[in-house]
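Numbering (the working numbering), first residue to last: 29 to 162.
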């Protein structure tokens, strides 16, 4: 593994944690839509870190999902429920950002916090397991 790739993977994981750490404050101050946005982007950067371990660089958000499914889920290297949550939080972020008639409430955003944290931790474990391969 090149040191540049290793640093890039680690930087994406740091970014995932930094974004995730913003969520509690956003919820506390009632910024529920922004909290969903941060949760999604935390997961997005974690997924991108995982994809990078296989030299996969998506060009779009939907490309991230497609590459995750093609190279990890279909190969049975990634839990389908974790992948489903990632798709769900992505759709929630899209709905919140682009649908004027959807407002996320506190209970809804809170229901995403634990699964997002679990997804990031799951991806970190996968990266640790495969770290000698990339």
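Cβ coordinates follow ideal geometry from the N, Cα and C atoms, glycine included. Quick caveat: nothing in here was measured; it's all calculated off a predicted structure.
Round the Cβ separation of residue i and residue j to the nearest angstrom and send it over; I've been treating them as touching at under 8 Å.
i: residue 78; j: residue 147; result: The pair is not a contact, with the Cβ atoms about 10 Å apart (cut-off 8 Å).
i: residue 61; j: residue 124; result: 5 Å
i: residue 68; j: residue 117; result: 5 Å
CA-CA distance, residue i and residue j?
i: residue 97; j: residue 81; result: 15 Å
i: residue 66; j: residue 47; result: 6 Å
i: residue 100; j: residue 94; result: 10 Å
i: residue 85; j: residue 76; result: 7 Å
i: residue 30; j: residue 159; result: 11 Å
i: residue 106; j: residue 72; result: 15 Å
i: residue 33; j: residue 39; result: 10 Å
i: residue 18; j: residue 131; result: Any answer about residue 18 is impossible in this case: the structure gives the chain only from 29 up to 162.
i: residue 140; j: residue 103; result: 26 Å
i: residue 112; j: residue 133; result: 21 Å
i: residue 55; j: residue 145; result: 15 Å
i: residue 137; j: residue 35; result: 31 Å
i: residue 88; j: residue 121; result: 15 Å
i: residue 42; j: residue 152; result: 11 Å
i: residue 108; j: residue 91; result: 17 Å
i: residue 128; j: residue 119; result: 14 Å
i: residue 45; j: residue 70; result: 7 Å
i: residue 37; j: residue 64; result: 23 Å
i: residue 115; j: residue 57; result: 26 Å
How is the alpha helix (DSSP H) around residue i delimited, first residue to last?
i: residue 23; result: This structure cannot settle anything about residue 23, because the visible part of the chain is limited to 29 through 162.
i: residue 83; result: From DSSP, residue 83 is part of no alpha helix (DSSP H); its letter is neither H nor E.
i: residue 39; result: 31-56
i: residue 100; result: Where residue 100 is concerned, there is no enclosing alpha helix (DSSP H), given that its DSSP letter is neither H nor E.
i: residue 140; result: 134-158
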